[in-house]
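Chemist: With the first letter of the sequence shown counted as 1, position 107 gets the number 107 in full-length UniProt numbering; the numbers rise by one all the way through. Where a beta carbon is used, it is the ideal one built from N, C-alpha and C, also for glycine. The structure under discussion is supplied below as structure tokens; questions concerning it will follow.
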Amino acid sequence: MSQILIIYTGGTIGMMTDPVTKTLKPINFEQIMDNVPELEKLNCKIKVHSFEEIIDSSNMNPEIWSELAGLIEANYDEVDGFVILHGSDTMAYTASALSFMLENLAKPVIFTGSQLPISAIRTDAKENLMTAIEIAKSKKNERARVPEVCIYFDYKLFRGNRSFKYNSSKFEAFRSPNCPILAESGVHLRFSANDIRQPADAPLILHKQLVNEVAVLKLYPGINPKVVEATLNADVRGIVMETFGAGNTTTDQWFIDLLKGAIDSGKVILDISQCKVGTVELGRYETSKQLKDIGVANGYDMTFEAAVTKMMYLLGQLDDPKEVKRLLEVDLRGELTVS
Numbered sequence: 001m002s003q004i005l006i007i008y009t010g011g012t013i014g015m016m017t018d019p020v021t022k023t024l025k026p027i028n029f030e031q032i033m034d035n036v037p038e039l040e041k042l043n044c045k046i047k048v049h050s051f052e053e054i055i056d057s058s059n060m061n062p063e064i065w066s067e068l069a070g071l072i073e074a075n076y077d078e079v080d081g082f083v084i085l086h087g088s089d090t091m092a093y094t095a096s097a098l099s100f101m102l103e104n105l106a107k108p109v110i111f112t113g114s115q116l117p118i119s120a121i122r123t124d125a126k127e128n129l130m131t132a133i134e135i136a137k138s139k140k141n142e143r144a145r146v147p148e149v150c151i152y153f154d155y156k157l158f159r160g161n162r163s164f165k166y167n168s169s170k171f172e173a174f175r176s177p178n179c180p181i182l183a184e185s186g187v188h189l190r191f192s193a194n195d196i197r198q199p200a201d202a203p204l205i206l207h208k209q210l211v212n213e214v215a216v217l218k219l220y221p222g223i224n225p226k227v228v229e230a231t232l233n234a235d236v237r238g239i240v241m242e243t244f245g246a247g248n249t250t251t252d253q254w255f256i257d258l259l260k261g262a263i264d265s266g267k268v269i270l271d272i273s274q275c276k277v278g279t280v281e282l283g284r285y286e287t288s289k290q291l292k293d294i295g296v297a298n299g300y301d302m303t304f305e306a307a308v309t310k311m312m313y314l315l316g317q318l319d320d321p322k323e324v325k326r327l328l329e330v331d332l333r334g335e336l337t338v339s
């Protein structure tokens with residue numbers, strides 16, 4: 001019989017309306033279990049680890065990601081898969097971060113949550129939780145069907161580092177336009193075997209060191225040079241730059257000079273697109289050729305969430321900015337498509 005570890009961090013799934021204040025407040029996991037008696041019918045053993053302090057996902061940070069990764073490492077040999085209950089607002093960040101922290105992962109780590117509390121009449125929490133457990137325990141030829149860090153929401157399984165939350169009012173909260181869904185739940189669970197990454201034949205390696213010395217520069221027409229200069233001169237080691245279209249920026253000389261100065265000082269600048277679909281193609285247009293020439297890293301089709309957490313991960317492992325830049329452009333965990 002499969003054994004699954006549920007890690008309860010918090011989120012809307014574990015909320016209940018306070019009868020006095022009418023606001024949502026967290027409940028403990030036993031109360032969640034009371035609302036899902038169907039869990040007893042699943043053909044698996046369920047272990048539970050509940051955070052001592054239930055966390056609103058807006059308060060997620062690298063220290064908590066390290067705690068999650070440590071819990072997975074500590075229980076890795078004892079269970080067949082993991083289900084992490086997490087608030088949806090920053091779920092894609094946490095899933096992306098863990099995908100980089102858990103090298104050679106060979107077991108499912110499935111994030112899920114809900115848009116409505118589990119006690120609500122029309123809640124999406126029950127289906128999300130039940131199916132996430134089903135996926136986490138699914139095997140074929142004694143091997144996990146989905147040995148990846150994933151997000152399960154509204155009948156679809158997404159690769160965690162390819163996902164982002166796009167809707168706060170629909171049950172269909174997540175999308176992954178640059179990567180096919182890995183499984184879909186209907187009458188049957190259907191897995192997209194050709195799209196699921198297979199693990200290396202090597203032991204799990206845990207990387208708990210993350211460096212959050214990362215700034216974000218989002219471009220817009222008419223951006224003030226002082227804004228760009230302030231961001232590039234911040235006391236950070238990496239900068240995620242959100243550009244137009246296929247990675248394009250203004251060609252004004254002041255802008256290129258500021259970027260080059262930051263790179264020459266040892267900072268790493270990663271170019272990702274503000275578009276949700278498509279990829280960065282440095283050098284395709286004149287407006288991005290200079291970026292490639294001065295050493296800006298190509299983010300291809302990475303999500304913002306994956307770009308930020310990958311930068312934190314690489315800065316935590318490496319001191320050489322050139323090596324950080326090189327690996328930002330390499331597909332490490334299925335987070336990008338090299339065109």
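1) What does a CB cutoff of less than 6 Å around Thr231 pick up in its chain, not counting 5 residues either side in sequence?
2) Does DSSP classify Tyr8 as helix, strand or coil?
3) Alpha carbon to alpha carbon, how far is Gly70 from Gly316? Give it in angstroms, no decimals.
4) Could you tell me which residues DSSP puts in a beta bridge with Leu24?
5) From the DSSP output, in three-state form, read off Met302 for me.
6) So with Cβ pairs under 9 Å, would you call Leu98 a contact of chain B?
7) Which runs of the alpha helix (DSSP H) at least 4 residues long sit entirely within the segment 59 to 131? Give them in chain order.
8) If you follow the alpha helix (DSSP H) that Lys276 is in, where does it begin and where does it stop?
9) When you compare only the Cα positions, how much space is there between Ile54 and Glu184?
10) Does DSSP put Tyr313 in a helix, a strand or coil?
11) Ends of the alpha helix (DSSP H) at Met33?
12) Three or more beta-carbon pairs under 8 Å between the segment 279 to 288 and the segment 73 to 80, yes or no?
13) For residue 342 and Val20, I'd like the C-alpha separation in whole angstroms.
14) Going by Cα to Cα distance, which pick from Val48, Ser339, Asp331 is closest to Glu103?
15) Whole angstroms are fine: how far does the CA of Glu52 sit from the CA of Ser99?
16) Given Ala97, which residues of its chain have a CB within under 6 Å of its CB, disregarding the five upstream and five downstream residues?
17) Would you mind working out which of Asp264, Ile239, Pro221 sits nearest Thr249, comparing C-alpha positions?
18) Residues bridged to Gly238 by DSSP?
19) In the DSSP assignment, find the beta strand (DSSP E) that holds Lys41 and state where it starts and stops.
Modeler: According to the data block:
1) Ala215, Leu217
2) strand
3) 16 Å
4) Thr17
5) coil
6) In summary, chain B is missing from the structure at hand, where a single protein chain is found.
7) 62 to 75, 91 to 101
8) Careful: Lys276 lies outside any alpha helix (DSSP H) and carries neither H nor E.
9) 30 Å
10) helix
11) 29 to 35
12) no
13) The chain is shown only over 1 to 339; residue 342 falls outside these bounds and no answer can be derived.
14) Asp331
15) 24 Å
16) Trp65, Thr309
17) Pro221
18) Val214, Val268
19) Here Lys41 belongs to no beta strand (DSSP E), and DSSP marks it neither H nor E.
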